[in-house]
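Under the working numbering, the first residue of the sequence shown carries the number 24, and numbering increases by one thereafter.
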Amino acid sequence: MQVTGNIVVVTGGARGIGRALCEAFAKAGAAKVIVADLDEAGAKAVADAIGGAAFKCDVSLEADIRHVIEETERQFGPIALFCSNAGIGGGFDPLSVNVGGTSDEPWARSWAIHVMAHVYAARYLIPRYKARGGGYFLNTISAAGLLSQVGSAPYSTTKHAAVGFAENLAISHKADNIRISILCPQGVDTDMLRAIPKGPQSGDGDLSAEQVAQDVLKGLAEESFLILPHPQVLGYMRKKTENYDRWLGGMAKIQAKMREEFGK
């Protein structure tokens with residue numbers, strides 16, 4: 024897929040990877056980039072800078088996503104690419120003594136933003152995509168959805184679920200000419216990453232959001248399901264599936280090392 028001449032929506036577009044995507048799509052010649060974010064002022068600032076349009080959007084709310092889709096198509100025309108990018112960190116505790124002990128609120132919030140936001144976008148766009156012969160989704164997930172995240176069961180679990188939904192979407196709607204790519208980076212130099220402890224991925228280096236956006240443009244052009252800005256993730260995936268018990272043992276050692284380091 025090429026974004027040139029097409030209408031693109033990016034949720035979580037006010038900062039971080041989302042902002043970099045908006046800027047990259049605008050430079051690539053998108054007809055209009057829609058910046059959707061809970062931070063309305065931030066979304067407007069990005070939109071003004073790239074000649075786009077902004078909507079306030081809480082992606083945990085089905086009504087907000089529906090509003091963005093309906094108003095974008097009413098005001099500007101058919102959406103060709105919907106980037107379900109918004110995400111949250113938080114809840115990271117490498118010293119946790121019970122991964123099931125986290126209260127319900129972080130679980131519910133992570134589920135709403137990391138899973139149901141993708142579902143809501145598909146719910147309202149798939150009928151439109153089918154009616155006009157196709158369309159594209161880009162879902163920002165994380166390498167945590169393919170591997171794991173030491174220190175946060177809600178984050179890791181919901182990111183795995185997001186990968187599962189994307190796979191199902193790709194399988195179920197390939198015949199409808201509906202395509203999907205999932206963006207699964209490790210560390211990206213954003214406010215979200217800076218707010219959490221260093222994890223096992225730290226040794227692979229943190230990428231800039233701008234570099235990740237360039238990887239996305241390449242992945243979309245190739246219509247690759249899996250976009251890996253950190254290519255070494257593919258090797259980790261292979262090791263995981265080759266010997267799951269050994270991989271779990273290695274991750275447990277990382278967990279123990281983090282507990283030792285942060286428990287000092």
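For glycine and all other residues, C-beta sits at the position ideal for the given N, C-alpha and C.
- Apart from sequence neighbours up to five positions away, the residues of its chain that approach Cys-45 with a beta-carbon distance below 7 angstroms are Val-33, Gly-36, Val-56, Val-58, Val-69, Ile-73, Gly-75, ordered along the chain.
- Where Asn-162 is concerned, the enclosing beta strand (DSSP E) starts and stops at 158–163.
- Two segments are said to touch when three or more pairs of C-beta atoms, one from each, lie closer than 8 angstroms; by this definition the stretch 136–145 touches the stretch 174–189.
- Fully enclosed alpha helix (DSSP H) runs of no fewer than 4 residues occupy 232–245 of the stretch 228–253, in order along the chain.
- Going by DSSP, Thr-125 is part of no beta strand (DSSP E) at all; its letter is neither H nor E.
- Closest in alpha carbon position to Ala-47, among Arg-89, Phe-248, Ile-102, Cys-106, is Cys-106.
- The beta carbons of Ala-43 and Thr-27 sit no closer together than 7 angstroms.
- According to DSSP, residue pairing for Lys-55 in a beta bridge involves Ile-30.
- Closest in C-alpha terms to Leu-230, from the list Val-211, Val-31, Ala-66, comes Val-211.
- Out of Gly-65, Lys-276, His-196, Asp-71, the CA that lies nearest to the CA of Ala-154 is found in His-196.
- The DSSP-derived three-state label of Ile-102 is strand.
- Shown here, Ser-171 sits in coil according to DSSP, grouped into three states, outside any helix or strand.
- Taking C-beta atoms under 8 angstroms as the contact rule, Met-24 and Ala-244 qualify, at a distance of about 7 angstroms.
- Phe-78 has Ala-59 as its beta-bridge partners, per DSSP.
- Here Leu-170 really is in contact with Met-260; their C-beta atoms are around 7 angstroms apart, less than 8 angstroms.
- In this structure Thr-264 is exposed. Its beta-carbon is surrounded by fewer than 16 other beta-carbon atoms within 10 angstroms.
- Counting along the chain, Ile-277 sits inside no beta strand (DSSP E); it lies in the alpha helix (DSSP H) bounded by residues 267–285.
- Taking a contact as a CB-CB distance under 8 angstroms, the pair Ile-205 and Ala-189 counts as one, their CB atoms being some 5 angstroms apart.
- Of the residues Val-186, Ala-66, Leu-148, Ser-133, the one whose Cα lies closest to the Cα of Ile-111 is Ser-133.
- Straight-line measurement puts the Cα of Gly-124 at about 34 angstroms from the Cα of Glu-63.
- Between Ile-40 and Ala-232, the CB-CB gap stays under 7 angstroms.
- Within the same chain, Cβ atoms closer than 7 angstroms to the Cβ of Lys-67 are found at Ala-77, the five residues on either side in sequence being excluded.
- Counting along the chain, the unbroken beta strand (DSSP E) around Leu-206 starts and ends at 201–206.
- Of the candidates Asp-87, Val-122, Gly-100, the residue whose Cα lies closest to the Cα of Asn-29 is Gly-100.
- Across the structure, Ala-49 and Gln-255 are spaced so that their CA atoms are roughly 29 angstroms apart.
- Contact annotation: Ile-250 and Gly-258 have beta-carbon atoms that are not nearer than 7 angstroms.
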